[in-house]
Structure formats: C-alpha cells, structure tokens
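Chains as they are written, first to last, in my numbering: chain Z, 1495 to 2237; chain L, 3 to 287.
Every residue, glycine too, gets a C-beta built ideally from N, C-alpha and C.
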C-alpha cells in the first residue's frame, strides 16, 4: 500500500531546522571544551624553515600550538589515510613535515580556552619559509597532461572506452562538421555551514566526534586508521549537514587536527574552519575539452571526438567521467575519446555536484547546438534524429529512458515550437531574447547498505542507517518508505541517520542514497514485517493462522488478509506476542547485480531556457527555465522538486556567475569569500518550472527510483550557453559566461 | 560593526544646530543617517557628537518659488518623490528619488544629508547638476548660496565650509520646452549608482537649444559632462544626435572609477549607454 510514497509531503525535519533544534557539528557542546584555530600557509610551495610559536604560547589560556615539529606520532602508511572517496595517490597528511604543497595548507593548530583567544594567538605565529616555484595554471601546463593512475576509485569512474570505428576517416568525409574548445574555471562547494568537528574526549580516551560529513562511517574509518584506534573507541555523529554538495565525501583536515589535539591534550576540542579556509581543500577542477562532431546531411552524427584535461594535485590523481558522456547520449559509430590530468600545486580536486557530468555534458550539448546551426536543423529535432535507447559507451540498452517524453513535455510547456531559430531575432526593448535547450544525464547507481528496524512495545517503528541527509530530504523519504512498507502512519515512524554506530551505509553521494538506503529500509521493514506476521499467527485464534505471507498486506497499523480485510491482527497485538520485548530486525540490501549488469541505468532531463541579454550592457538574465526530468519513481514530489530547483539554480550559477579566480603569480584563489565568489541571489532567479515525466523501471532497484541529487544541474549550463548564442549570435565556450565575454 | 562611543543632541532649530556645531568642531550633522551611521559602524568616521537636524521643522518643506521649487534640506527622499509639483516639473527628480535604496531608506534619508555627504555614487548630485540647482547654506558667517556646479568638489567633498550646514535646495523655474530624465545602472544590493546619468534638455521646435548632462558613479564626484552637452546644443532632437552625443560621454581628462563591480572600461561604456537611454527618454524618442 502506498499512503505516502509519491505524495508531496513536507520535510519531517523541517520544524527542527527552522526552530534551531537541528544541531550541526559545531553546535554540540562538551564539558571544558577547548577551541582550535588553524594557521594556514601563506606560500604555495616550498618549506617551512622556522615556525615561531612562543609569543602565542605565552598568552594565558593558550593550551597548545601543534605544528609539524611537535606533533604526536601518526600512522606511517598512505593506506591509513585513505578514506572511502580517496583517489589513487598519497593522501594529504596535515602537519606531516615542513613541506608546503599548496596555498592555504594547514601548518599549525592553536588550541585555547576560547575561540577568540585561539584566533588571536594564531595571529601571533611567525613562519619563515623557503619558497619554491609553483605551477597552478592548467592552461600553461597542458603539455604535462598524462593518463591518471588507476585504483579503487576507477571502479566508479572508469576511463573512457577505447576508440570505436574510425573517427578520422569518417569525420574527414562528413558533410557537416563542428569543432570547439570548451573550458570552465575551478569552483568551490561553498556550503553555508563551515567544516567543523567537535571532538568529545571521554574519560577512557574514547572519542565521540560531531563532524560535518556525508559519511559518519567514512570519518570513523579515517580517524581509526590515521590514529591507530579501534572502531569501538571512535564514534562519529552527524545528524544534520548544512549543505555539502560533495565536499563532505572526504574527511577534511579540521577533523584530523581536532582529533590530534584532543588526544594530545586529553580534552574536548572543536575546530571550525573560516570561510576563507573553505577554499583550502577540494574544488571542482578546471577542465579543458576539445570536441569535434561529424554528421551526414540528414543530421545523423557519425563521428565524435571528445577529449578532456582536468587538473589534479601533486599527490593524488583525482579523475572524473568527462568525455564518456558523448557516446552515452549520442549513438555514433566512430568515436574517439581521451581523458588526461595535469598535476598542479593545488589541493586535490573533490567531487562537486554532478562531478564530470556538468563538465562533459555542457560541452557536448553546446557542440550539438553548434551542429544544429551548421545543418540548419532545429536543435530539438537534431537530438531526436540522434536519439538512442542504447548507451553506446557500454553498448548496453538503458533499463528505462523516457527522455523522448521529457523533450515532448518540456518543449510544450516552454513553447519551443514558437522559436525563430535566427540568432538575434527576438527582442524586448534593449533586451535580446534567446531560447536554448540541452539534454541532461546522470547515472542511477545503487550500492549495498544495511538498515535496522525496531517495532517497540508501544507500537512505534524506529529505523536507522548510517547515511547522511545533506538537506536533500533523506529523513523524509526514508520515513515514507518505512511507513508504507509496514502500513503505519508517519507520526509513528522515526528514521534516524548520521551515526557510525548505526548499520553500514555508503557515503552519501552520487545520487544513490534514495536507491541505496531506500532499498535497505524497504528490505528491513519487509523482513520485520515477516517476523510480525509470524507473531500474529501465533496469537490464539489468530485470523491469520493459516495465511501465507503472500496472502497478507500491511494497512492501517494492521496485518490483514488481502482477500478479507476483516481478518486482521494489529501490529500492537503482534508485538505484544513477543514476550514483552520489541521486535527487531537488521537487514542488508544488495544491488541485484545479475539483473542490473546487462543494462545501463541513468536519469535523463530535457532543459529549456530563456535568457534576456541587454545588448548594451551585456548583462544576462535567465528569465524562464523548464526542466523535464525522467528520474524513475518520484518518492516525494515536493522534496524532489526542491532538489531539481536547487540544481537549476546552481546551473544558472555555473553558467553565468561562479568561478574561483586563481592569481597564478602567487598560486592562491583570490575570491575566497561569499562577497567575491558570486552565486545567485533571489533577484537572479526568475521562473523555474519542473516536470517529472512518468518513468517505470524495475531493473534499477526495487523502488524504481533513480536519484535526483545531480540531474537538476547537468542540463542547465549548455541550455543557457545555447540561449545566449540564440540571443546574441555569440558562441561562448568558456564558463562562466560573464558580460565581458558578451561585449 | 559597532561604532565608537558618541554623544547625540537633537537640534530644535537651525540656529541651535549651528551653535552646537561651532562649539564642537569634531561633531557631525545627522540628517537621516543612512550613510553616516554605516560609516561609523565601520569606524570610517568617529565623531564625538551627532547633531540631529532631521527633525527641525523649518528644514522640512517643499514649496514653489519663482516658478521653481525650494526643498528644505531635511525633506526625505519620499517627501520629494511624492510631491506633485516636483513630479510634474522635474521628472528626473522623481525618477532618481524612486531608485534610492529601499522604502525604509527613502522614508528616513534626506536630500540635504545625501548631498552634504557627497557619496560619489549618490543619485541626487547628478540630478541637481543637470537641473542647475542652487544649494542654500547657512554658517557662522550667515546664509549664502552655492551653485550645484560648484558644490561637489571631490571624493566625499563639498564646498561647505567648516561649521556650515545645507538648509535648502532651490530648483530654478524650468522653461516651457524643458524635459529631464535620470537613468542608472545600479548595484543590485545597495541600489547605489554604478553609473547614473541625469539629463535636462530644452528642445524648441525639434532643435535642442539647451542641454545639461551629469553623471554620478563615474568619477570621484558627480560632474557635468560639457562635451555631451556641446554635441547636443543646436542639433535636432533625433536618434543620430543622441548617439553621437552619448558617445562623447566620459571622455577627456576625467578620472574614471574602478572597483569589483565595474572596470574603468565598463564604467565608461555604461556612461555612454546610460547617457543615451536618459536622452532618448528626455527627447521623447
């Protein structure tokens, strides 16, 4: 029965969030809490020759200044620092030695009785460096591009497939060709909540850690390995996350420093990073791509070349799936793809909403628009000519793909048919109007996960799994799934997450949480239901005594016969039969690999955008956008819509505003504040419309969901770039499209 | 964001304000406070005493005078934009006033405060220059008048002498074929002008016989752009004239501001665009 799944319900944690009851990592208190403040390197590369801490230490109330010179012993092997999202390489170790590898690297932690004192003391630390020349510019280091090392991460991010057919020959002979170079600047995640860890030092030396993370168990693993502690001595709790967008997929350095200080001082320590320090770890890497497309005169694309070069650090090989999106969307027979990285003196890049997807897809989708103009074919028509139900990167059919319906419904809602294709043909006063479109795509993955369900003696259901809710609505949809599976009202169901003591769940990313943890919640509730059914059958005179599992359903807090609803046993009666104890179940959900492996699984979108470009000023406004999404089963249209709207807003940001500006002479990101790192404000956002296209899929996972975390952003940048071209006749291939590129 | 300790006195009359000012050379006049108080919070300004003149009733008036209008210095932006005579005679005043800050700012901020503060991005200075206003001033040596064209002398600087306050602004009687307009490219949060352009023209039988074009936000202080005016006077009020005149804007020997909102080149470009837009409106094209 489905009382809740598919309904537009408000968030179960909404009241806690708006009333301040929801607590974040830096809000948890501890007796005698001390405060750490991080000192950051002012050079980009070189060595610390001297670090003078005496003045800071002389202040009453300053407890310790930990540097590479006096730090306690830490684990020796690289392996010990590998978190669940670590790319191949040698993970960064804070305070390892006197070597500086990037600007803003943490070089000391000042711990004091108050935050203000720690911050002041940090300002008194004097550091002498011996500087070495650095390289931070991707553009001028392209000659150093190389293949990335492979490792565990390559399983989720495989390199592009080998060439197919003969690109060179077919391209040369193609009657229609386009070629372009596409690039974008680095970007930082910039969640509202700063990274913070409150490490509570318990009497026996055990640690309870409140951490900002997308995986409590990932932080736990990292701490136990790096500090050689046992799992039972480290508990990580993270019930709420004030935005993360991928930045919480790896433990950040404040966790390491806070744990080190707590163990050293045998006291509780909180370390919170500043907004400026939020620019001193992972970011979306700058990427440069080249695309060439060849098509026949009917618009059939026969030849695709797509290469990409992304930046990484000198110590880890961060990679993304970039060129592979081209053959995933377009079924050309002759395809050559290439992906390389350039190590630079920056921190290792980090997954950021739709990593690789919102890099590769905007490039190919801009190139497709260029091809539409080359051929004189409507951009939507060209996409339909090249529509495919097979993913040609893997040569497998899609488990479901309602993109055609997205195109149809999105175009109709937007009014695409009324578009005059001629650039500059539509205007309103000073404003040139442009209409553009794009396809979006993101993988629909499922991971193994565990969950626990307990029906208490009072007939309340408690379900737990160690996942995270980064604001997406995980609490809400899991409560819906649990309530529907056992036929209970949502008020009687409490879903909890974000505690490393809970059953195993993967890091919360990749748009896989609804599918992964949702499946685990469904399985555990079903298996709890079987236990309750058996108990119900044991009740003397039970109307279900002879029933089989398949004969019953869970409705309205009862187990009842499908054929005879009057034959029912309440869940309360069933749990009462358990000898005064709650009924408990822990289960594992595994992806149905045998069923899934023959299919490619992905969410799709069709995005239509209107821009207004002031012809005199070059200012661009996105006045209207429609996203039609094929994302499988929609568990909660309200939280789902919020997810897509959030992605669309970020898509506008990526297309028009956002960039981390590096001064290559000093190797530092210069706009490291929200005043200078531009993101949209309310005045930048106009009419956003979301359509969920019906899509049935029983291969992707038992719930039929595909995840919505990333699909909302993927199609936006190219739709905007294409609309800007339609408005102005200027093809901008370099994001963000700022007004200086228009004038 | 906390100002240094400051005393506050509310003056009941201009005479009282002047005597307080002469007794406290370190004092600042408070006339709404929407620029001064933020500056004090940032400790860019730390007077020992604030003399509040915003509630002096003799300073808050708008009345017609010799076919023109005299505006008391303590008139709020809202007082001005809601005055029917001003709206009729000087459309540029209404357009500029409506674009100042938000409702709260317009309800409390005053024209006297704005021009005495002389923020290089404030709206009123450009409009007063274009309309040929006179600034009425009182000080220890008595009352006198300063033409707007001599009042705005530089970056947050005016022709006010030590101990003087602005008491009123006099707008001259517009001639029959007078038209004015104000257009600005504004900072979206503060709504200050990144570039603002005020124009006042007299077009007699299709020929422009007089023109004043003033900019704010472009340079250290609001200024009259004589080159644009020269390119208009004597010419027919047609798009080609406007195009040519607007292209002359912000050229020559003037310092152009630059900040993270707009580079010098983009500001110069904006000056031409907004001169054109204001002139198109004033000429009714």
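How long is the line joining the alpha carbons of residue 286 of chain L and residue 247 of chain L, rounded to whole angstroms? 16 Å
First through last residue of the alpha helix (DSSP H) which encompasses residue 2090 of chain Z: 2087 to 2090
Out of L/122, L/40, L/90, which has the shortest C-alpha to C-alpha gap to residue 71 of chain L? L/90
In or out: residue 24 of chain L buried (at least 16 other Cβ within 10 Å) or exposed? exposed
Output, in sequence order along the chain, the residues in the region 165 to 191 of chain L whose CB is closer than 8 Å to any CB in chain Z. 187, 190, 191
Which residues mark the beginning and the end of the beta strand (DSSP E) in which residue 285 of chain L is found? Run containing residue 285 of chain L: none; DSSP gives neither H nor E here.
Can you tell which of Z/2141, Z/1879, Z/1728 has the C-alpha that lies nearest to the C-alpha of residue 1796 of chain Z? Z/1879
Grouping DSSP H, G and I as helix and E and B as strand, with all else coil, what is residue 1570 of chain Z? coil
Any contact between the region 189 to 199 of chain L and the region 94 to 105 of chain L? By contact I mean 3 or more CB pairs, one from each, below 8 Å. yes
In angstroms with no decimal places, state the Cα-to-Cα distance between residue 135 of chain L and residue 115 of chain L. 16 Å
Whole angstroms are fine: how far does the CA of residue 2060 of chain Z sit from the CA of residue 2035 of chain Z? 14 Å
Just to check my reading of the structure: residue 1757 of chain Z and residue 1938 of chain Z have Cβ atoms closer than 8 Å, yes? What is that Cβ distance to the nearest angstrom? That belief does not hold up - the Cβ atoms of residue 1757 of chain Z and residue 1938 of chain Z are roughly 42 Å apart, past 8 Å.
Does chain L have any CB closer than 8 Å to the CB of residue 2110 of chain Z? yes
Would you call the region 1606 to 1617 of chain Z in contact with the region 1527 to 1536 of chain Z, where contact means no fewer than 3 C-beta pairs closer than 8 Å? yes
So, at 6 Å on beta carbons, what are the nonlocal neighbours of residue 1638 of chain Z in its own chain, with the 5 sequence-adjacent residues on each side left out? 1836
Is any beta-carbon of chain Z found at less than 8 Å from that of residue 272 of chain L? yes
Would you mind working out which of Z/2124, Z/2157, Z/1928 sits nearest residue 2185 of chain Z, comparing C-alpha positions? Z/2124
Where the region 2169 to 2198 of chain Z meets chain L: residues whose CB sits under 9 Å from a CB there: 2169, 2170, 2175, 2177, 2178
Bridge partner(s) assigned by DSSP for residue 32 of chain L: L/54
Could you tell me the alpha carbon to alpha carbon distance between residue 1543 of chain Z and residue 1574 of chain Z, rounded to whole angstroms? 28 Å
With a threshold of 16 other CB atoms inside 10 Å of the CB of residue 10 of chain L, please say whether the residue is buried or exposed. exposed
Apply the 10 Å Cβ neighbour rule to residue 1922 of chain Z and answer buried if 16 or more other Cβ atoms are within range, or exposed otherwise. exposed
Using a Cβ cut-off of 8 Å (strictly closer), state whether residue 275 of chain L contacts chain Z. yes
What separation, rounded to the nearest whole angstrom, lies between the Cα atoms of residue 1873 of chain Z and residue 2111 of chain Z? 28 Å
Less than 8 Å between the CB atoms is what I'm expecting for residue 1968 of chain Z and residue 2007 of chain Z, so what's the real figure, rounded? 6 Å
With burial defined as no fewer than 16 other Cβ atoms inside 10 Å of the residue's Cβ, what is the status of residue 3 of chain L: buried or exposed? exposed
Hey, residue 121 of chain L and residue 186 of chain L: beta-carbon distance below 8 Å or not? no
To the nearest angstrom, how far is the alpha carbon of residue 44 of chain L from that of residue 5 of chain L? 7 Å
Considering Cα atoms alone, identify which of Z/1690, Z/1646, Z/1595 is closest to residue 1521 of chain Z. Z/1690
Quick one: Cα of residue 1680 of chain Z to Cα of residue 2155 of chain Z, how far? 8 Å
Pick out whichever of Z/1536, Z/2025, Z/2194 has its Cα sitting closest to the Cα of residue 2081 of chain Z. Z/2025
Where residue 213 of chain L and residue 264 of chain L are concerned, what is the direct C-alpha to C-alpha distance, given to the nearest angstrom? 28 Å
Through-space distance from residue 1899 of chain Z to residue 111 of chain L, alpha-carbon basis: 55 Å
Which two residues bound the contiguous beta strand (DSSP E) that contains residue 2184 of chain Z? 2181 to 2186
For residue 180 of chain L, which beta-bridge partners are listed by DSSP? L/204
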